[in-house]
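Residue numbers (my numbering): 7 to 188.
What follows is the structure, given as structure tokens:
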């Protein structure tokens with residue numbers, strides 16, 4: 007397994023070791039001790055699975071305290087996965103990084119606590135599995151706008167209008183969510 011820090015080094019791109027032959031492939035998608043040795047040292051008590059169609063944009067979501075880290079992978083289709091630093095004290099506050107995840111490259115993105123997360127579906131359909139470091143608690147659910155001009159995520163929409171939930175359409179801007187950081 008290979009782990010590569012992205013431009014914001016707390017966000018990690020994970021490339022599992024894949025054993026392939028004429029029968030198909032095998033990979034270890036998570037191993038607590040091996041991941042901890044590579045810098046992903048958290049437990050994941052909840053797994054989520056979403057299925058979305060081309061142009062669906064989910065995000066940018068996060069959980070307030072105690073927060074929630076995620077280990078994200080596309081098991082079917084292709085997504086462009088984004089992490090935005092929302093730690094007001096961080097030198098990279100408001101910056102974002104992204105990685106393409108798909109069923110062929112089998113890469114995963116580790117999004118630590120203190121980051122908003124979202125993705126857009128690039129294939130006809132995508133199934134996304136993600137592990138969460140804390141169970142979902144509705145009262146801690148939060149988000150920022152996917153098209154926030156202060157963040158400036160360059161979503162690869164190729165002229166498409168994204169399919170958004172009402173919650174994502176109504177999410178506040180980063181400066182509204184964290185006015186103390188501006």
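Note that beta-carbon positions come from the ideal geometry of N, C-alpha and C, so glycine has one too. These figures come from a predicted structure and were not determined experimentally.
Cα separation between residue i and residue j?
| i | j | result |
| --- | --- | --- |
| residue 88 | residue 144 | 22 Å |
| residue 13 | residue 104 | 9 Å |
| residue 91 | residue 54 | 22 Å |
| residue 9 | residue 34 | 14 Å |
| residue 48 | residue 72 | 13 Å |
| residue 97 | residue 79 | 27 Å |
| residue 59 | residue 44 | 33 Å |
| residue 7 | residue 188 | 39 Å |
| residue 107 | residue 99 | 24 Å |
| residue 27 | residue 36 | 21 Å |
| residue 85 | residue 111 | 11 Å |
| residue 171 | residue 165 | 19 Å |
| residue 40 | residue 29 | 26 Å |
Given 7 Å as the limit, tell me if residue i has its C-beta closer than that to any heavy atom belonging to the ligand NAP.
| i | result |
| --- | --- |
| residue 84 | What this structure holds is no ligand at all, so the ligand NAP is not there to describe. |
Just to confirm my understanding: we take residue i, look at its own chain, exclude 5 residues before and 5 after, and list those with CB closer than 7 Å. What are they?
| i | result |
| --- | --- |
| residue 101 | 14 and 91 |
| residue 184 | 92 and 94 |
Between residue i and residue j, is the Cβ-Cβ spacing less than 8 Å?
| i | j | result |
| --- | --- | --- |
| residue 94 | residue 182 | no |
| residue 180 | residue 150 | yes |
| residue 142 | residue 77 | no |
| residue 113 | residue 19 | yes |
| residue 123 | residue 67 | yes |
| residue 128 | residue 162 | yes |
| residue 65 | residue 125 | yes |
| residue 146 | residue 69 | yes |
| residue 174 | residue 152 | yes |
Please return the same chain residues whose Cβ sits closer than 8 Å to the Cβ of residue i, not counting the five positions on each side in sequence.
| i | result |
| --- | --- |
| residue 167 | 61 |
| residue 81 | 109, 133, 134 and 135 |
What does a CB cutoff of less than 6 Å around residue i pick up in its chain, not counting 5 residues either side in sequence?
| i | result |
| --- | --- |
| residue 46 | 116 |
| residue 74 | 138, 139 and 140 |
| residue 56 | 134 |
| residue 31 | 24 |
| residue 52 | 138 and 141 |
| residue 148 | 68 and 70 |
Under a three-way DSSP split, which group does residue i fall into?
| i | result |
| --- | --- |
| residue 41 | helix |
| residue 180 | helix |
| residue 144 | helix |
| residue 51 | coil |
| residue 205 | Examination of residue 205 is not possible in this model, given that the chain is present from 7 through 188 alone. |
| residue 69 | strand |
| residue 64 | strand |
Give the DSSP bridge partners of residue i, in chain order.
| i | result |
| --- | --- |
| residue 56 | 134 |
| residue 106 | 86 |
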